[in-house]
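> Residue numbers (this note's numbering), protein chains in the order written: chain A, 314 to 617; chain B, 10 to 300.
For every residue, glycine included, the Cβ atom is placed at its ideal position computed from N, Cα and C.
Have a look at the structure that comes next, please.
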């Protein structure tokens with residue numbers, strides 16, 4: 314041993330190699346994207362479908378526009394519809410991906426025992442869980458935004474080309490489609506509703522994913538149903554179910570003046586009202602608590 | 010300097026006692042074999058040392074508390090817990106990217122060097138590889154990390170004999186440099202016998218035997234006793250007796266070699282024989298003796 318000791322002593326200070334927390338976070342997120350390719354494949358696939366539908370609609374769009382020449386509202390609807398579809402469907406796809414991702418994220422690594430490999434690397438449970446939470450809270454909204462804007466741009470360019478060829482003035486199209494404003498609204502909606510307002514939902518799913526020994530999807534949903542049923546029978550009230558529903562629906566009201574659609578003039582945005590609402594901060598606190606519990610569970614739980 | 014220092018480590022799962030007061034000290038540069046039957050508590054002990062499970066008692070690994078500082082600890086510790094824990098969906102190149110991204114002591118070129126000696130290609134997915142090859146890959150990753158402590162938990166379980174032999178061969182030739190500490194848990198005694206410098210037998214959550222391999226050779230001796238002298242041999246109180254071919258083999262602990270030589274042919278007992286003698290037949294007694 315005495316002959317070995319100096320070697321070790323000499324080696325230790327010579328290797329102050331470090332990786333920053335940010336770097337470990339970055340690679341942990343990359344890792345998630347390698348494993349769950351649906352994060353970008355699903356929205357791109359939906360975008361492709363929307364484009365296909367749009368292309369088919371181009372066959373009769375010039376005729377429809379001519380027929381609606383005297384009805385500006387109808388024209389407006391015809392021209393804007395594909396952009397709305399694109400945004401709505403791509404958002405829906407990433408929302409669904411987000412739900413399935415969260416249910417799997419901390420469950421699959423225990424089921425396939427790979428958690429033992431991930432834990433053999435110098436990445437803390439906090440970093441790992443935050444990287445996973447960043448998928449629904451940061452990455453999916455960004456992917457949604459990028460894919461939607463790209464799709465809408467393609468729709469605009471294709472529409473311009475087709476309308477020009479068929480003799481309709483393409484300027485009508487550009488006048489009716491405020492792409493920049495739509496993009497800004499989309500980004501605002503994604504940041505406020507998808508990331509901030511729905512954060513407790515995703516936190517809950519990640520917690521169940523870290524906890525469940527089997528059937529995480531059932532564990533994520535059935536207890537909520539059970540609580541609602543027990544509450545209804547015991548007190549004849551529906552507070553819990555209403556609370557969940559409000560959280561899911563009312564986000565829109567917290568963001569934009571009531572009774573308006575997501576794609577609306579920017580004057581309806583109420584970021585101050587939104588950011589100062591107690592519900593938002595309460596929701597974020599709940600999300601943080603759920604994620605903290607998920608971190609503790611990830612540390613304690615081994616492979617299933 | 011102690012690499013692992015455990016004092017009175019305890020752990021229960023429900024009503025089952027997995028670790029019943031384990032005290033252990035592993036010095037840097039040593040290769041410790043942790044040998045025990047299935048369910049003896051080997052994995053639980055290793056998991057405690059790796060920060061994978063909470064425990065009662067005192068435990069420091071490289072100066073860290075494993076349970077609260079796993080991420081810090083893993084800069085200097087590598088482990089292969091069980092075969093085939095590498096995620097099946099990952100591409101080999103991505104695996105290297107990831108480890109290089111998060112591990113400050115990982116030498117990617119070295120890992121790729123190890124892989125050139127195998128059939129593994131960077132574009133392959135782990136799921137396409139056989140169990141033995143996945144273990145090769147994992148070992149290549151681990152050997153490219155400049156760690157102070159390597160922990161292996163049944164690393165060759167379920168592999169065929171070629172891969173098993175190859176595993177320990179490459180570990181010895183490409184990794185062990187005398188300064189690295191290795192702890193390997195297994196119940197396949199034969200394959201680590203010539204690798205380890207120290208051995209610990211663990212049974213029912215307790216350490217029932219603890220010796221250096223050198224100490225073992227000088228202390229224990231097996232005598233192939235001539236049938237005529239069997240009673241004289243038994244009078245010397247062997248710790249274990251088994252039937253050999255034509256003769257009985259008696260295992261003695263610390264008995265004078267000259268006296269034993271008169272009884273029959275002497276030889277160094279294999280770790281397996283010693284294991285059976287200590288754990289198999291006299292587990293209870295050995296536990297008492299250890300106290």
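(1) Which word fits residue 56 of chain B, buried or exposed, when buried means at least 16 other C-beta atoms lie within 10 angstroms of its C-beta?
(2) Should residue 154 of chain B and residue 40 of chain B be called a contact, given that it needs their Cβ atoms to be closer than 8 Å?
(3) Closest Cβ-Cβ distance between residue 97 of chain B and chain A: below 8 Å?
(4) Report yes if the C-beta distance between residue 251 of chain B and residue 236 of chain B is below 8 Å; otherwise report no.
(5) For residue 64 of chain B, verify whether its CB is less than 7 Å away from any heavy atom of the ligand SAM.
(6) Would you mind sorting residue 218 of chain B into buried or exposed? The rule is 16 or more other CB atoms within 10 Å of its CB.
(7) Within the same chain, show all residues whose beta-carbon is closer than 6 Å to that of residue 207 of chain B, passing over the 5 residues directly before and after it, in chain order.
(8) For chain B, is any of its Cβ atoms less than 8 Å away from the one on residue 332 of chain A?
(9) Would you please state the rounded distance, in angstroms, between the beta carbons of residue 378 of chain A and residue 388 of chain A? I believe it to be under 8 Å.
(10) If I measure Cβ to Cβ from residue 216 of chain B and keep anything under 8 Å in the same chain, skipping five residues before and after, which residues do I get?
(11) Where does residue 134 of chain B fall in DSSP's three states?
(12) Give me the Cα-Cα distance between residue 151 of chain B and residue 171 of chain B, rounded to the nearest whole angstrom.
(13) Assign residue 395 of chain A to one of two classes, buried (16 or more other C-beta atoms within 10 Å of its C-beta) or exposed (fewer than that).
(14) Taking 8 Å as the CB-CB limit, is residue 90 of chain B close to chain A?
(15) First and last residue of the alpha helix (DSSP H) that includes residue 534 of chain A?
(16) Applying the criterion that 16 or more other CB atoms from any shown protein chain within 10 Å of the CB defines a buried residue, is residue 472 of chain A buried or exposed?
(17) According to DSSP, residue 273 of chain B sits in a beta bridge with which residue or residues?
(18) May I have a chain-ordered list of the alpha helix (DSSP H) segments no shorter than 4 residues that lie completely inside the segment 326 to 394 of chain A?
(19) Any contact between the segment 77 to 95 of chain B and the segment 432 to 439 of chain A? By contact I mean 3 or more CB pairs, one from each, below 8 Å.
(20) At the 8 Å Cβ level, is residue 230 of chain B part of the contact set with chain A, yes or no?
(21) Jot down the residue ranges of each uninterrupted beta strand (DSSP E) in the segment 188 to 241 of chain B, minimum 3 residues, whole runs only, in chain order.
(22) Pick out whichever of A:426, A:514, A:384, A:614 has its Cα sitting closest to the Cα of residue 525 of chain A.
(23) Considering residue 39 of chain B, what are the terminal residues of the alpha helix (DSSP H) in which it resides?
(24) With a CB to CB cut of under 7 Å and the five nearest residues on each side skipped, what residues in its chain are close to residue 476 of chain A?
(25) Output, in chain order, the set of chain A residues within a Cβ distance shorter than 7 Å of residue 108 of chain B.
(26) Give me the residue from B:105, B:282, B:249 with the minimum Cα distance to residue 340 of chain A.
(27) Tell me, please, whether the CB atom of residue 235 of chain B is closer than 8 Å to any CB atom in chain A?
(28) Kindly indicate the opening and closing residues of the beta strand (DSSP E) around residue 258 of chain B.
Short version:
(1) What you label residue 56 of chain B is simply residue 47 of the second chain in a count that begins at 1. The residue is buried, with at least 16 neighbouring Cβ atoms inside 10 Å.
(2) As a first step, residue 154 of chain B is located in the second chain; it is residue number 145 there, counting from the start. As a first step, residue 40 of chain B is located in the second chain; it is residue number 31 there, counting from the start. Taking 8 Å as the Cβ cut-off, residue 154 of chain B and residue 40 of chain B do not qualify as a contacting pair.
(3) Taking the second chain and counting its residues from 1, the one referred to as residue 97 of chain B is at position 88. Yes - at least one Cβ of chain A is within 8 Å of the one on residue 97 of chain B.
(4) To locate residue 251 of chain B, count along the second chain from 1; it is residue 242. To locate residue 236 of chain B, count along the second chain from 1; it is residue 227. Cβ distance not < 8 Å, so residue 251 of chain B and residue 236 of chain B don't count as in contact.
(5) In the structure on display, the ligand SAM does not appear, and there are no ligands present to speak of.
(6) As a first step, residue 218 of chain B must be located in the second chain, where it is residue number 209. Buried, by the Cβ-count rule.
(7) Against the second chain, residue 207 of chain B aligns to sequence position 198. Result list for residue 207 of chain B: 39, 41, 221, in chain order.
(8) As a working note, residue 332 of chain A is residue 19 in the first chain. It does; some Cβ of chain B falls within 8 Å.
(9) Walking along the first chain from the start, residue 378 of chain A turns up at place 65. Walking along the first chain from the start, residue 388 of chain A turns up at place 75. At roughly 6 Å, the Cβ-Cβ gap stays under 8 Å, so residue 378 of chain A and residue 388 of chain A are in contact.
(10) If you number the second chain from 1, residue 216 of chain B lands on position 207. So the list reads 31, 32, 33, 209, 210, 299, once near-sequence residues are dropped.
(11) One-based indexing of the second chain puts residue 134 of chain B at position 125. Reduced to three states, the DSSP call for residue 134 of chain B is strand.
(12) Numbered from its first residue, the second chain carries residue 151 of chain B at position 142. Numbered from its first residue, the second chain carries residue 171 of chain B at position 162. Going from the Cα of residue 151 of chain B to the Cα of residue 171 of chain B covers about 20 Å.
(13) Position 82 of the first chain, counted from the first residue, corresponds to residue 395 of chain A. Under this definition residue 395 of chain A is a buried residue.
(14) In the second chain, residue 90 of chain B corresponds to position 81, counting from 1. So, interface residue.
(15) By one-based count along the first chain, residue 534 of chain A stands at place 221. Counting along the chain, the alpha helix (DSSP H) containing residue 534 of chain A begins and ends at 529 to 548.
(16) Residue numbering aside, residue 472 of chain A sits at position 159 when the first chain is read from its first letter. Residue 472 of chain A is classed as buried because its beta carbon has at least 16 other beta carbons within 10 Å across all chains shown.
(17) Residue 273 of chain B sits at position 264 when you count from the first residue of the second chain. In the DSSP assignment, residue 273 of chain B is bridged to B:234.
(18) 334 to 348, 351 to 370, 374 to 380
(19) yes
(20) Here residue 230 of chain B refers to the residue found at position 221 of the second chain. With 8 Å as the cut-off, residue 230 of chain B does not count as an interface residue toward chain A.
(21) 190 to 195, 207 to 212, 215 to 221, 229 to 234
(22) Residue 525 of chain A sits at position 212 when you count from the first residue of the first chain. In terms of Cα proximity to residue 525 of chain A, the closest of A:426, A:514, A:384, A:614 is A:614.
(23) In the second chain, the residue the question calls residue 39 of chain B occupies position 30. Neither: residue 39 of chain B is in no alpha helix (DSSP H) and is coded neither H nor E.
(24) The residue labelled residue 476 of chain A in the question sits at position 163 within the first chain. So the qualifying residues of the chain are 375, 483, 486.
(25) Mapped onto the second chain, residue 108 of chain B falls at position 99. Correct list: 434.
(26) Counting from one through the first chain, the residue named residue 340 of chain A turns up at place 27. It is B:105.
(27) The residue given as residue 235 of chain B occupies position 226 in the second chain. Chain A, which has no Cβ nearer than 8 Å to the Cβ of residue 235 of chain B, makes this no.
(28) Residue numbering aside, residue 258 of chain B sits at position 249 when the second chain is read from its first letter. First-last of the beta strand (DSSP E) with residue 258 of chain B: 257 to 262.
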